[in-house]
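full-length UniProt numbering applies: residue 1 is where the sequence shown begins, and numbers increase by one.
Just so it is clear, CB atoms sit at the ideal spot from N, CA and C, and this is done for glycine as well.
Please read these numbers as outputs of a predicted model, since none were measured by experiment.
A short worksheet on the structure shown next.
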Amino acid sequence: MDSVEQIWNTKFGSNDAWEDVDPDELSYEELIALGEVVGTESRGLSADTIASLPSVNYKTQTASEESTDSLDYEDGDKLTVLSCKHTYHSECLNNWLQINKVCPICSTEVSTSGNS
1 MDSVEQIWNT KFGSNDAWED VDPDELSYEE LIALGEVVGT ESRGLSADTI ASLPSVNYKT
61 QTASEESTDS LDYEDGDKLT VLSCKHTYHS ECLNNWLQIN KVCPICSTEV STSGNS
């Protein structure tokens, strides 16, 4: 089988031709070649940025202090606090932030520079 580069060059001639391509008209192999020529863009945060977000250990509140936001948390759960003040289980949020840069509830862009 031809290499991805050979497939691309056969159909389009140069690596700069991708700008004039309609992806809806490409075969699977041509789409793979296009991806290699164009590259990928990460929409999420880096592992270092995610690791730098503040976290807290959840402590059960009394019934009068409890809010609906805390119903899924148990004593000792590690929570990550976003700049918008929303909190999430760290493991769940880390997975989300690898592909998204915003809070899942309010869509505020995640920041490590304090309050927003």
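{"query": "N- and C-terminal bounds of the alpha helix (DSSP H) containing residue 38", "result": "28-38"}
{"query": "Inter-stretch contact (C-beta, 8 angstroms, three-pair minimum) for the region 29-48 and the region 82-92", "result": "no"}
{"query": "CA-to-CA distance, residue 95 to residue 82, given in whole angstroms", "result": "14 angstroms"}
{"query": "Contiguous alpha helix (DSSP H) assignments of at least 4 residues, all confined to the UniProt domain \"RING-type\" (72-106)", "result": "90-97"}
{"query": "Continuous beta strand (DSSP E) stretch holding residue 55: start and end", "result": "55-57"}
{"query": "Residue interval of the alpha helix (DSSP H) (run including residue 22)", "result": "Element bounds for residue 22: n/a, residue is neither H nor E."}
{"query": "Among 46, 57, 60, the one whose alpha carbon lies nearest that of residue 100", "result": "46"}
{"query": "Exposure label - residue 56; buried when at least 16 CB within 10 Å", "result": "exposed"}
{"query": "Selected residue, minimal CA-CA separation from residue 92, among 106, 37, 73", "result": "73"}
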